[in-house]
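**Student:**
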Amino acid sequence: MSMITLALSKGRIFDETVPLLAAAGIVVTEDPEKSRKLILSTNQPHVRVVLVRATDVPTYVQYGGADLGVAGKDSLIEHGGQGLFRPLDLQIAKCRVSVAVRSDFDYRGAVTQGSRLKVATKYTSIARDFFSAKGVHVDMIKLYGSMELAPLTGLADAIVDLVSTGNTLKANHLVEVEQIMDISSHLVVNQAALKLKQAPLKRIIDAFAGAIGEK
Ligand code: PRT
Ligand code: MG
Numbered sequence: 009m010s011m012i013t014l015a016l017s018k019g020r021i022f023d024e025t026v027p028l029l030a031a032a033g034i035v036v037t038e039d040p041e042k043s044r045k046l047i048l049s050t051n052q053p054h055v056r057v058v059l060v061r062a063t064d065v066p067t068y069v070q071y072g073g074a075d076l077g078v079a080g081k082d083s084l085i086e087h088g089g090q091g092l093f094r095p096l097d098l099q100i101a102k103c104r105v106s107v108a109v110r111s112d113f114d115y116r117g118a119v120t121q122g123s124r125l126k127v128a129t130k131y132t133s134i135a136r137d138f139f140s141a142k143g144v145h146v147d148m149i150k151l152y153g154s155m156e157l158a159p160l161t162g163l164a165d166a167i168v169d170l171v172s173t174g175n176t177l178k179a180n181h182l183v184e185v186e187q188i189m190d191i192s193s194h195l196v197v198n199q200a201a202l203k204l205k206q207a208p209l210k211r212i213i214d215a216f217a218g219a220i221g222e223k
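The structure is reproduced here in structure tokens:
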């Protein structure tokens, strides 16, 4: 039997995927928070989990470094989705992508006056599509983290970032001025693996579907 490799990121995606794996009879036998290992074994000798950065999950699955993975819709859009079969919205790790500004910045005014907006974000594809559909001209500043700092330091007028409770924005005196889209995590499968390892992959996909009530 061939090995099935599942790519997950540590933290919320790993934690929220554990119950779905349980439905497929798969138990990860090592705790990612306690181990430095990047490859985790499971109770099933032919199933292993690889830990990668959330934004790298689509890339691992696209090129067959993993047969399947769980990735946020944000990561999938930024990646582009090439080579990926996306059978299920798992409805986990939910949040939204929003535009936020300093509470003293007149966002509506800037938009109605047609000003150029300096936008800092890790999500340049999502942000570009959103502002171009609105007809707003933007100077995009690509960041890899701590977007919240950009408006506070004058690096940008606005940020496009993930928001869940809103506590991070609030703690940094930022306000959410637009909600761009709702985000959840999806199961993604390598298209070639889906043909070569059809039976074991279908078993996992069906178990996940059953666990989220989509049978
Ligand atoms: O953290 P790291 O830089 O390693 O990578 P990552 O941020 O890409 O990964 P991770 O594990 O933090 O998130 C993985 C996926 O979880 C994301 O791609 C989203 O699809 C999803 N998700 C759900 C979230 C959140 N909720 C979330 N709240 N990802 C990040 N956040 C961050 C957000 O960026 C902001 O800094 O949490 C902060 C806001 O949270 P609130 O509750 O204060 O609003
Ligand atoms: Mg994070």
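So the sequence shown is numbered by my numbering: it starts at 9 and just counts up by one.
Cβ coordinates follow ideal geometry from the N, Cα and C atoms, glycine included.
By the three-class DSSP mapping on this structure, what secondary structure does P7 have?
**Tutor:** This structure does not reach residue 7, given that the chain is present from 9 up to 223, and the question cannot be answered.
**Student:** Consult DSSP for G80 and reduce its assignment to one of helix, strand or coil.
**Tutor:** strand
**Student:** Under 7 angstroms: does the beta carbon of A62 sit that close to some heavy atom of the ligand FMN?
**Tutor:** What this structure holds is the ligand PRT and the ligand MG, not the ligand FMN.
**Student:** Taking 7 angstroms as the cut-off, does the CB of S133 come closer than this to any heavy atom belonging to the ligand PRT?
**Tutor:** no
**Student:** Nearer than 7 angstroms: is that true of the beta carbon of S193 relative to any heavy atom of the ligand PRT?
**Tutor:** yes
**Student:** D82 and I149: beta carbons closer than 8 angstroms?
**Tutor:** Annotated as distal: D82 and I149, with beta-carbon spacing of 8 angstroms or more.
**Student:** In this structure, how does DSSP classify K18 when only helix, strand and coil are distinguished?
**Tutor:** Of the three classes helix, strand and coil, the one that applies to K18 here is coil, per DSSP.
**Student:** Does the ligand PRT have a heavy atom nearer than 7 angstroms to the CB of R20?
**Tutor:** yes
**Student:** Let me know the secondary structure DSSP gives K64 once reduced to three states.
**Tutor:** As written in the sequence, residue 64 is Asp, which differs from the Lys given in the question. In the structure shown, D64 sits in a helix (DSSP, three-state: H, G or I).
**Student:** Below 8 angstroms on the Cβ atoms is my guess for V105 versus A166; work out the distance and round it to an integer in Å.
**Tutor:** No, V105 and A166 are not in contact; Cβ-Cβ is about 13 angstroms, not under 8 angstroms.
**Student:** Answer with buried or exposed for M155, where buried requires no fewer than 16 other C-beta atoms within 10 angstroms of its C-beta.
**Tutor:** buried
**Student:** Residue range of the alpha helix (DSSP H) that P208 falls in?
**Tutor:** Q206 to A219
**Student:** Using 8 angstroms as the Cβ pair cut-off and three pairs as the minimum, do the stretch 64-75 and the stretch 9-16 touch?
**Tutor:** yes
**Student:** Using three-state DSSP, classify D137 as helix, strand or coil.
**Tutor:** helix
**Student:** For D23, which three-state DSSP category applies?
**Tutor:** helix
**Student:** Given that a residue counts as buried once 16 or more other Cβ atoms are within 10 Å of its Cβ, and exposed if not, what is Y152?
**Tutor:** exposed
**Student:** Do the CB positions of L209 and V78 come within less than 8 angstroms of each other?
**Tutor:** no
**Student:** Going by the CB atoms, is the gap between E222 and L76 shorter than 8 angstroms?
**Tutor:** no
**Student:** Provide the residue span of the alpha helix (DSSP H) that contains L116, from first to last.
**Tutor:** Checking the displayed sequence, the identity of residue 116 turns out to be Arg instead of Leu. Residues Y115 to T120.
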